[in-house]
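*Asks:*
There are 2 protein chains.
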Amino acid sequence: MDYSKKVKKKLKEKNASPLDRIKIKKREKTYEGVLMPNTEMSEPDCITIKMDNGYNIGIENTKDLEIEKLEKRKKKKKTREIEQDESKPPISLLSTGGTISSKVEYETGGVEPALTAEEIVAQTPEITEHAYIRNYEQVSQIASEDMHSKVWEKLAEKVKQELNNGSRGVVITHGTDTMHYTSAALSFMLTKLTKPVVLTGAQRSIDRGSTDASMNLTCASIAAAQSNIGEVGIVMHATMNDDHCYYIRGTKARKMHTSRRDTFRPINDKPIAKIKPNGKINKLQEHREYQNKKTKAEKGFEKKIAIIKAYPEADPEIINHYEEKNYKGYVLEGTGLGHMPTQTEKTWIPKIKEITKKGKPVIGTSQCIYGRVNPNVYKNLRKLYHEAGAIPGQDMTTETAYVKLGWLLATEKDQEKIKEKIKKNLRGEITKRSHPKTFLY
Amino acid sequence: MDYSKKVKKKLKEKNASPLDRIKIKKREKTYEGVLMPNTEMSEPDCITIKMDNGYNIGIENTKDLEIEKLEKRKKKKKTREIEQDESKPPISLLSTGGTISSKVEYETGGVEPALTAEEIVAQTPEITEHAYIRNYEQVSQIASEDMHSKVWEKLAEKVKQELNNGSRGVVITHGTDTMHYTSAALSFMLTKLTKPVVLTGAQRSIDRGSTDASMNLTCASIAAAQSNIGEVGIVMHATMNDDHCYYIRGTKARKMHTSRRDTFRPINDKPIAKIKPNGKINKLQEHREYQNKKTKAEKGFEKKIAIIKAYPEADPEIINHYEEKNYKGYVLEGTGLGHMPTQTEKTWIPKIKEITKKGKPVIGTSQCIYGRVNPNVYKNLRKLYHEAGAIPGQDMTTETAYVKLGWLLATEKDQEKIKEKIKKNLRGEITKRSHPKTFLY
Numbered sequence: 001m002d003y004s005k006k007v008k009k010k011l012k013e014k015n016a017s018p019l020d021r022i023k024i025k026k027r028e029k030t031y032e033g034v035l036m037p038n039t040e041m042s043e044p045d046c047i048t049i050k051m052d053n054g055y056n057i058g059i060e061n062t063k064d065l066e067i068e069k070l071e072k073r074k075k076k077k078k079t080r081e082i083e084q085d086e087s088k089p090p091i092s093l094l095s096t097g098g099t100i101s102s103k104v105e106y107e108t109g110g111v112e113p114a115l116t117a118e119e120i121v122a123q124t125p126e127i128t129e130h131a132y133i134r135n136y137e138q139v140s141q142i143a144s145e146d147m148h149s150k151v152w153e154k155l156a157e158k159v160k161q162e163l164n165n166g167s168r169g170v171v172i173t174h175g176t177d178t179m180h181y182t183s184a185a186l187s188f189m190l191t192k193l194t195k196p197v198v199l200t201g202a203q204r205s206i207d208r209g210s211t212d213a214s215m216n217l218t219c220a221s222i223a224a225a226q227s228n229i230g231e232v233g234i235v236m237h238a239t240m241n242d243d244h245c246y247y248i249r250g251t252k253a254r255k256m257h258t259s260r261r262d263t264f265r266p267i268n269d270k271p272i273a274k275i276k277p278n279g280k281i282n283k284l285q286e287h288r289e290y291q292n293k294k295t296k297a298e299k300g301f302e303k304k305i306a307i308i309k310a311y312p313e314a315d316p317e318i319i320n321h322y323e324e325k326n327y328k329g330y331v332l333e334g335t336g337l338g339h340m341p342t343q344t345e346k347t348w349i350p351k352i353k354e355i356t357k358k359g360k361p362v363i364g365t366s367q368c369i370y371g372r373v374n375p376n377v378y379k380n381l382r383k384l385y386h387e388a389g390a391i392p393g394q395d396m397t398t399e400t401a402y403v404k405l406g407w408l409l410a411t412e413k414d415q416e417k418i419k420e421k422i423k424k425n426l427r428g429e430i431t432k433r434s435h436p437k438t439f440l441y
Numbered sequence: 001m002d003y004s005k006k007v008k009k010k011l012k013e014k015n016a017s018p019l020d021r022i023k024i025k026k027r028e029k030t031y032e033g034v035l036m037p038n039t040e041m042s043e044p045d046c047i048t049i050k051m052d053n054g055y056n057i058g059i060e061n062t063k064d065l066e067i068e069k070l071e072k073r074k075k076k077k078k079t080r081e082i083e084q085d086e087s088k089p090p091i092s093l094l095s096t097g098g099t100i101s102s103k104v105e106y107e108t109g110g111v112e113p114a115l116t117a118e119e120i121v122a123q124t125p126e127i128t129e130h131a132y133i134r135n136y137e138q139v140s141q142i143a144s145e146d147m148h149s150k151v152w153e154k155l156a157e158k159v160k161q162e163l164n165n166g167s168r169g170v171v172i173t174h175g176t177d178t179m180h181y182t183s184a185a186l187s188f189m190l191t192k193l194t195k196p197v198v199l200t201g202a203q204r205s206i207d208r209g210s211t212d213a214s215m216n217l218t219c220a221s222i223a224a225a226q227s228n229i230g231e232v233g234i235v236m237h238a239t240m241n242d243d244h245c246y247y248i249r250g251t252k253a254r255k256m257h258t259s260r261r262d263t264f265r266p267i268n269d270k271p272i273a274k275i276k277p278n279g280k281i282n283k284l285q286e287h288r289e290y291q292n293k294k295t296k297a298e299k300g301f302e303k304k305i306a307i308i309k310a311y312p313e314a315d316p317e318i319i320n321h322y323e324e325k326n327y328k329g330y331v332l333e334g335t336g337l338g339h340m341p342t343q344t345e346k347t348w349i350p351k352i353k354e355i356t357k358k359g360k361p362v363i364g365t366s367q368c369i370y371g372r373v374n375p376n377v378y379k380n381l382r383k384l385y386h387e388a389g390a391i392p393g394q395d396m397t398t399e400t401a402y403v404k405l406g407w408l409l410a411t412e413k414d415q416e417k418i419k420e421k422i423k424k425n426l427r428g429e430i431t432k433r434s435h436p437k438t439f440l441y
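Chains as they are written, first to last, in our numbering: chain S, 1 to 441; chain G, 1 to 441.
1. Look at the Cβ atom of G/Ala16, then the Cβ atom of G/Lys69, and state whether they are nearer than 8 Å.
2. Go to G/Gln285, then tell me how far its beta strand (DSSP E) extends in each direction, as first and last residue.
3. Roughly how many whole angstroms lie between the Cα atoms of S/Gln291 and S/Arg73?
4. Residues in its own chain within less than 6 Å of S/Lys252 by CB, not counting five upstream and five downstream?
5. Closest by CA to S/Glu153, which one among S/Thr344, S/Ala184, S/Thr398 and S/Lys12?
6. Helix, strand or coil: how does DSSP classify G/Ile272 here?
7. Cβ closer than 9 Å: which chain G residues qualify as neighbours of S/Lys309?
8. Would you say S/Gln138 reaches chain G, if we count a Cβ-Cβ gap shorter than 8 Å as a contact?
9. Name the chain G residues whose beta carbon is nearer than 9 Å to that of S/Ile100?
10. Extract the residue ranges of the alpha helix (DSSP H) inside the stretch 82-155 of chain G, only unbroken runs of 4 or more that lie entirely within it.
11. Hey, could you find the ends of the alpha helix (DSSP H) G/Met189 is sitting in?
12. Identify every residue that forms a DSSP beta bridge with G/His237.
13. To the nearest angstrom, how far is the alpha carbon of G/Ile67 from that of S/Asn376?
14. State the CB to CB distance for the pair G/Met147 and S/Pro350, rounded to an integer number of angstroms; the pair is presumed to be in contact (CB under 8 Å).
15. Does the count of Cβ pairs from the stretch 239-247 of chain G and the stretch 411-419 of chain G closer than 8 Å reach three?
16. Just the Cα atoms here: how many angstroms apart are S/Thr218 and S/Glu317?
17. Chain S partners of G/Glu145, CB-CB under 8 Å?
18. Using the rule of at least 16 other Cβ atoms within 10 Å of the residue's Cβ for burial, across every protein chain shown, is S/Glu83 buried or exposed?
19. Does the separation of the CB atoms of S/Ile222 and S/Gly233 fall below 8 Å?
20. Let's see if you can read the secondary structure: which residues bound the alpha helix (DSSP H) around G/Thr218?
21. Can you give the Cα-Cα distance for G/Val197 and G/Ala310, rounded to whole angstroms?
22. Consider the Cβ of S/Leu440: report whether some Cβ of chain G lies at a distance smaller than 8 Å.
23. At the 8 Å Cβ level, is G/His321 part of the contact set with chain S, yes or no?
24. Considering only residues of the same chain and omitting the five flanking positions on each side of S/Glu119, which have a CB-CB separation below 6 Å?
25. Are the stretch 358-375 of chain G and the stretch 386-402 of chain G in contact at 8 Å, needing three or more beta carbon pairs?
26. Could you give the residue range of the alpha helix (DSSP H) that holds S/Tyr31?
27. With 9 Å as the limit, tell me which residues of the stretch 353-376 of chain S have their beta carbon closer than that to any beta carbon of chain G; keep them in chain order.
28. For S/Gly336, I'd like the list of residues in its chain whose CB is within less than 8 Å of its CB, leaving aside the five on either flank, ordered along the chain.
29. Please work out which residues of its chain come closer than 7 Å, Cβ to Cβ, to G/Ile307, disregarding the five sequence neighbours upstream and downstream, and give them in chain order.
30. Identify which residue in S/Arg208, S/Thr176, S/Pro89 and S/Glu129 has its Cα closest to the Cα of S/Arg168.
31. Figure out for me which residue from G/Met340, G/Lys303 and G/His339 has the closest Cα to the Cα of G/Lys325.
32. Measure from the C-beta of G/Ser95 to each C-beta in chain C and report whether the shortest distance is under 8 Å.
33. Can you have a look at G/Leu94 and say buried or exposed, based on whether 16 or more other CB atoms are within 10 angstroms of its CB?
34. Apply the 10 Å Cβ neighbour rule to G/Gln394 and answer buried if 16 or more other Cβ atoms are within range, or exposed otherwise.
35. If you drop the 5 nearest sequence neighbours on each side, which residues of the same chain put their C-beta closer than 8 Å to that of S/Gly166?
36. Looking at chain G, which residues of the stretch 253-274 of chain S have a Cβ within less than 9 Å of any of its Cβ atoms?
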């Protein structure tokens, strides 16, 4: 869609075209930024500008709205050619979509997921100082809120191939929203993994001045090419500054802030390492060591599972809905130590007993996020975990418990073994004892 | 139920009776603690001891299990009489249940919610140095995982009466699991509030050496009796040490750890004040000031509302279930900036559009917990918030958005006004801009 006639007239009067820098005055407010072309998503009578913080805002055209042209549009920079040094450790770069593969597409307006893996590297040539990118591949081009299990399986297969065919590590670029679900999925699907598989992304697109993409990519490539870590992890900004990144275990990471660059935090765990963009790696805790061995991929995900959150007045009838659809398992995101409403009109205990009697696994986690589900302290906990047969998720996050459950239901047929494996630490997702410093790390 | 014959025999051999201190050896492990009587919840062949950290554990009797008696049971201390100083500022103490009103009931075994408000004070006579407890009342006796809206309404009514009848503040003891839901409910239901209404609780019961109940109660009473805060808040341990508590705004608090005493944290907000058990109060940010004015209670809660969490492969069919039950509103706990799966096979957009077309409010929040929902940055966000008509919850927590929605639907009839009020900051639940220091505070 194009701008309305009224808007076009105002812009023409000031000789302002898309991508020029303009100032808009409306009532007592002033907005400054780059005029964007109208897109199908915008109202024709709404002027969109990209502000210096990188965000677009739409300002409705009113009579009193005034436009001032500040500067003519800047010319587009040409993508640099990448020169690589084949003596560096070989890694693979897989891209899936998300902000890190997005750029402001000036011809169409708006942030678009458009960059290929090669284009991402072209924006961050520093990578080639630490690693030789043996292979690039675009596995998908989707925003991470739309990520799904088929891409997890495709990634697992692709990572296995890359690691078994000459790469010592893999970097995967991914949207941040569900990066921790994907890192958990790869942690479980890649069996016998002894090499670094590093997910990274960005909270601001790579063509913004404030982008975190370049440092994240550089640190991720260092981790893949140089670290002696043999696990799946997320490498993103550790602080608000551009000083270093953390390598957070794939089953213990969580996106904890909607917009900050240091959004990924370890839950009930310390980061595995600190990675500096100059190539320095500081180990912060024990991890599986790098070994040059073959990796296997055990793929599969049962989609008929649900996360159910507890809250006051939550009605257990919701379970009827899922049971009618023949769901195979559940994660209950309880309150505190792992409670569901118990001694109330709307008690959940009988419904949960019904499910577990059918042999279906029900895992209890906590919406506190930090800490550990304890099946013993209170009578209500005993009812849920001893009497009704839910399985305490210990210190697993809800997200990791969900991914583990879906993966187990698809790859393991024996009901008893599934339950055993839920309780057992398979990929660092369950720790025996949480270090006090891991709270709000 | 009683212990099994085999267990009884072993105990008799060592002359060990319930409440004696014993040591149990089994395989290579040793357990030391107070022998508990068997309860209906325990297996008859499982010996329960209360360990020094306050937790009960059950140890299954096996042939190799050995018992050693260490010490005869200690006599029960008599409850002290409370002496009060009527010249101190008058407050009311309302109890609802939870760990803070629990004690180890030696006759029955297990932690039981049994203490009345008077008994709680008797355990913490320090309160009377700061406040005159004008009235005690037990409003309910339930664990907070079972808390529901009828108790919220009862509390709102009771608090109003106490404040309008001579108390300058109210302390409410409450279980910790859903304390932040209740603090949000009271924040909304108490209109024109200009006095401190303070919720407090404990992570360890009051008769344990490691209890946090006494300091929390003392600080809560200081806040109610002496602070110039005119808002609902949660007063609990600020750190792992017994140094001070925070007064956290009732609409901005969240339980963030299953077991730590410093579990309550402010989300996207600083604490209002630091309260020391010696009576010192340090203001940390702006708040409504104390005034001796009448409080009103606007009660009501629509139970037919749901929290729905987004995750990869989440199926929007769940909305059919709720719509069949004639639900009145929804909170979508999205990923990142407030996304639901959009450009996937299982897109949520059409279903959400269906609901909002009926005039029902749908609020989007973020499972990141920290940060703010932004309806503009990405195309998928525009689809959800502009096209499908969901209302961005800004920086409200999911829990507060849920309580606000239920309260608005019950107390406000005009659909448009409900939507306006969701967007508007009514009780400090929405801030304009988050201070960078409020992340993981």
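Using N, Cα and C, we set each Cβ at its ideal position, and we do this for glycine too.
*Replies:* Quick look at the numbers:
1. Going by C-beta atoms, G/Ala16 is nearer than 8 Å to G/Lys69.
2. Where G/Gln285 is concerned, there is no enclosing beta strand (DSSP E), given that its DSSP letter is neither H nor E.
3. Our two residues, S/Gln291 and S/Arg73, have alpha carbons roughly 52 Å apart in a direct line.
4. Close CB contacts of S/Lys252 within its chain, under the 6 Å cut and outside five residues either way in sequence, are with Pro266, Ile267 and Asp269 (chain order).
5. In this structure, S/Ala184 is the residue among S/Thr344, S/Ala184, S/Thr398 and S/Lys12 with its C-alpha nearest to the C-alpha of S/Glu153.
6. Of the three classes helix, strand and coil, the one that applies to G/Ile272 here is coil, per DSSP.
7. Ordered by position in chain G, the residues that pass the 9 Å Cβ test against S/Lys309 are Ile307, Ile308, Lys309, Glu333 and Thr398.
8. Closer than 8 Å: no.
9. None at all; the shortest Cβ gap to chain G is about 13 Å.
10. Within the stretch 82-155 of chain G, the complete alpha helix (DSSP H) runs of at least 4 residues are 117-123.
11. Counting along the chain, the alpha helix (DSSP H) containing G/Met189 begins and ends at Met179 to Met189.
12. The partner list for G/His237 (beta bridge, DSSP) reads G/Cys245.
13. When rounded, the distance between both Cα atoms is 22 Å.
14. Not confirmed; about 20 Å, so no contact.
15. In short, these stretches do not touch, since the Cβ pair count stays below three.
16. Cα to Cα, the separation comes out at about 49 Å.
17. Going along chain S in sequence order, the residues near G/Glu145 (Cβ under 8 Å) are Ala310, Gly334, Thr335, Gly336, His339, Met340, Pro341, Thr342 and Asn380.
18. Label assigned to S/Glu83: exposed.
19. Inclusion of S/Ile222 and S/Gly233 in the CB contact set at 8 Å is not warranted, their separation being larger than that value.
20. First-last of the alpha helix (DSSP H) with G/Thr218: Ala213 to Gln226.
21. The alpha-carbon of G/Val197 is positioned some 34 Å away from that of G/Ala310.
22. So yes, S/Leu440 belongs to the interface.
23. For G/His321, the closest Cβ of chain S is nearer than 8 Å.
24. So the list is empty, once near-sequence residues are dropped.
25. The stretch 358-375 of chain G is in contact with the stretch 386-402 of chain G.
26. In the DSSP annotation of this structure, S/Tyr31 is not part of any alpha helix (DSSP H); the continuous beta strand (DSSP E) holding it starts and ends at Lys29 to Leu35.
27. Of all residues in the stretch 353-376 of chain S, those with a C-beta nearer than 9 Å to a C-beta of chain G are Ser366, Gln367, Cys368, Ile369, Tyr370, Gly371, Arg372, Val373, Asn374 and Asn376, reading in chain order.
28. Ser366 and Cys368.
29. Hits under 7 Å: Val331, Glu333, Thr398 and Tyr402.
30. Nearest in C-alpha terms to S/Arg168, of all of S/Arg208, S/Thr176, S/Pro89 and S/Glu129, is S/Pro89.
31. For G/Lys325, the closest alpha carbon among the candidates G/Met340, G/Lys303 and G/His339 is that of G/Lys303.
32. Although the question refers to chain C, the structure presented lacks it and instead comprises the protein chains S and G.
33. Burial call: buried.
34. Around the beta carbon of G/Gln394, 16 or more other beta carbons sit within 10 angstroms, so the residue counts as buried.
35. Excluding sequence neighbours, S/Gly166 sits near Pro90 and Arg134.
36. For the stretch 253-274 of chain S, the set of positions with a beta-carbon nearer than 9 Å to some beta-carbon of chain G reads Arg254, Lys255, Met256, His257, Thr258, Ser259, Arg260, Asp262, Thr263 and Arg265 in chain order.
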